[in-house]
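Encoded as structure tokens, the structure appears first; notes follow it.
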Amino acid sequence: MSTVRALSPYVPGKPISELERELGIRGIVKLASNENPFGPSPRVIDAVRAEVAEIGLYPDGSGFELKRALAQHLGVPESRLTLGNGSNELLAFLAECFLGPQYSAIYSQYGFAIYPIVIQATGAEAIVAPAFAPEAVMPLGHDLGAMSAAIRANTRLVFIANPNNPTGTWVEPAKLRAFIAAAPADTLVVLDEAYLEYGRRDACIDAISWVQQFPNLVLLRTFSKAYALAGLRVGYSISHPEIAEVLNRVRPAFNVSSLALTGARIALAEQTYMESCVSDCLSERERLRAALLSMGLKVIPSAGNFLLVHFGARAAQLYEQLLRSGFIVRPVGGYGLGEYLRITVGAAEHQEGLLACLAKCLRSPA
Ligand SMILES: Cc1ncc(COP(=O)(O)O)c(C=O)c1O
Numbered sequence: 029m030s031t032v033r034a035l036s037p038y039v040p041g042k043p044i045s046e047l048e049r050e051l052g053i054r055g056i057v058k059l060a061s062n063e064n065p066f067g068p069s070p071r072v073i074d075a076v077r078a079e080v081a082e083i084g085l086y087p088d089g090s091g092f093e094l095k096r097a098l099a100q101h102l103g104v105p106e107s108r109l110t111l112g113n114g115s116n117e118l119l120a121f122l123a124e125c126f127l128g129p130q131y132s133a134i135y136s137q138y139g140f141a142i143y144p145i146v147i148q149a150t151g152a153e154a155i156v157a158p159a160f161a162p163e164a165v166m167p168l169g170h171d172l173g174a175m176s177a178a179i180r181a182n183t184r185l186v187f188i189a190n191p192n193n194p195t196g197t198w199v200e201p202a203k204l205r206a207f208i209a210a211a212p213a214d215t216l217v218v219l220d221e222a223y224l225e226y227g228r229r230d231a232c233i234d235a236i237s238w239v240q241q242f243p244n245l246v247l248l249r250t251f252s253k254a255y256a257l258a259g260l261r262v263g264y265s266i267s268h269p270e271i272a273e274v275l276n277r278v279r280p281a282f283n284v285s286s287l288a289l290t291g292a293r294i295a296l297a298e299q300t301y302m303e304s305c306v307s308d309c310l311s312e313r314e315r316l317r318a319a320l321l322s323m324g325l326k327v328i329p330s331a332g333n334f335l336l337v338h339f340g341a342r343a344a345q346l347y348e349q350l351l352r353s354g355f356i357v358r359p360v361g362g363y364g365l366g367e368y369l370r371i372t373v374g375a376a377e378h379q380e381g382l383l384a385c386l387a388k389c390l391r392s393p394a
């Protein structure tokens, strides 16, 4: 109980409905939660709509059909898969199963905010490995050397987000492989690939081929980002079958809803749609980056569907100014990045609106 009381809760992006209520206006643009602005494929919407007729029944607790589709798609046996209510729930399962007050877990400074929460909720010690400096080649990124040096005899989990949120940074494949190979057998390396689909074209590795080789490697994936199903809540892990078996022991019987199971299964079959969303997002990301750079701003390299931008001492004020103009971006002061804002890549017209508003704010005296 005392460990839970000491937790700082996760602060999500401000919901559109909340800002609408506050400002009394409509047409708010949210670029704050790394959602896919194009939404799911029409086939997914139709399938979920049809499934609504069945919501009087419990879902298939084993997620049989989704797991079968995933196994085929990924080329792994179903015994390696665990389904979660978003990959967030799998992070919590991993901590629940493998941590406790006598253990420690490691994450990188500026690593995804849920890691310290799930670690501390178990009473385990959260060890923060220093990230690369802002001037480094991969500014604010995970320093795998520092993470390796932080491993102790009681370390049971190491969280690596690749690409990482909120920085967008990624790790070099060869260094990542060496890190996993050198990790002690009783330390699980949790590789969070929530943004993998966006990072594939950069140096971001799809680590699935390593799972067989390294029994202590756990991959986390989600349908929330590139597949545009954030509201349905479905993610999965790929691990050694023994780890999947342990995770399934704590998994509530019906943790993934019938709508989510159906939506994810159809979304998986809609690869062309997903890839076109990713492709459009990456073009928009580069346009956004170029525009921000031309304003003289520093932009952290990103392999995700968002950019971390340095605004200096004006960041908090700019966030408020943007809000009042109907644009929700994400403050990241909770990460110790108070001089930055994170901007999710949006549809072209929304980005243009944001850029025009930003330019106006930046011209006005601080
Ligand atoms: C790095 C990272 N991992 C995991 C998640 C959790 O996503 P979800 O629970 O929607 O699958 C997020 C969501 O923002 C994320 O940024």
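So for the sequence shown, this note's numbering puts the first residue at 29; every next one is plus one. Yeah, the Cβ is synthetic: ideal placement off N, Cα and C, and Gly gets one too.
Does the distance from the CB of residue i to the CB of residue j come in under 7 Å?
i	j	result
ALA149	VAL39	no
PHE126	LEU185	yes
ILE155	ALA178	yes
LEU172	PHE121	no
SER286	GLU93	no
ASN244	ALA213	yes
In the DSSP assignment, find the unbroken alpha helix (DSSP H) run with residue i in it and report its ends.
i	result
PHE126	115-126
SER322	299-322
GLU221	No alpha helix (DSSP H) holds GLU221; DSSP gives it neither H nor E.
ILE233	Neither: ILE233 is in no alpha helix (DSSP H) and is coded neither H nor E.
VAL246	Looking at the DSSP string, VAL246 is not in any alpha helix (DSSP H); the run it does join, the beta strand (DSSP E), is 245-250.
VAL357	Per DSSP, VAL357 belongs to no alpha helix (DSSP H) and is neither H nor E.
PHE207	201-210
GLY173	172-178
So residue i and residue j are supposed to be a Cβ contact under 8 Å. How far apart are they, rounded?
i	j	result
GLY396	GLY259	No statement about residue 396 is possible, as the shown extent of the chain runs from 29 to 394 and does not include it.
ILE294	LEU109	Incorrect: roughly 18 Å between the Cβ atoms, too far for contact.
LEU168	TYR138	5 Å
VAL104	ILE233	Actually they do not touch by this definition, with Cβ atoms about 16 Å apart.
PRO191	SER330	7 Å
LEU365	MET323	In fact, because the Cβ distance is near 19 Å, the residues do not count as touching under 8 Å.
Report all residues from its chain with a CB closer than 7 Å to the CB of residue i; omit the five preceding and five following residues, and keep chain order.
i	result
LEU35	ILE145, GLN148, ALA149
SER69	ALA295, GLU298, TYR301
ALA159	SER136, GLN137, TYR138, LEU168, GLY169, HIS170, ASP171
At the 7 Å Cβ level, is residue i part of the contact set with chain B, yes or no?
i	result
VAL156	Absence of chain B from the displayed structure is noted, only one protein chain being present.
Give me the residue from the options with the minimum Cα distance to residue i.
i	options	result
SER176	PHE160, ALA210, THR195	ALA210
VAL274	ALA141, ARG391, GLU124	GLU124
ALA133	GLY114, GLU50, THR183, ALA157	THR183
ALA254	SER61, ALA99, LYS203	SER61
GLN240	ARG249, LEU247, HIS268	HIS268
If you drop the 5 nearest sequence neighbours on each side, which residues of the same chain put their C-beta closer than 8 Å to that of residue i?
i	result
ALA375	PRO65, PHE66, GLU312
LEU335	GLY196, ARG313, LEU316, ARG317, LEU320, VAL327, ILE328, ARG370, ILE371, VAL373
ILE53	GLY354
Which residues in the same chain as residue i place their Cβ atom closer than 6 Å to its Cβ, once the five residues preceding and following it in sequence are excluded?
i	result
GLY291	VAL72, VAL76, LEU257, LEU260
TYR131	ALA152, ASN182, ARG184
ALA141	TYR38
Between which two residues does the beta strand (DSSP E) carrying residue i extend?
i	result
HIS338	334-338
ALA133	132-136
SER265	263-266
ILE271	ILE271 -> not in any beta strand (DSSP E); alpha helix (DSSP H) instead, spanning 269-278.
Query - Residues whose Cβ lies closer than 6 Å to any heavy atom of ligand 2, in chain order - result: Questions concerning ligand 2 fall outside what the structure shown contains, since the ligands it does hold are ligand 1.
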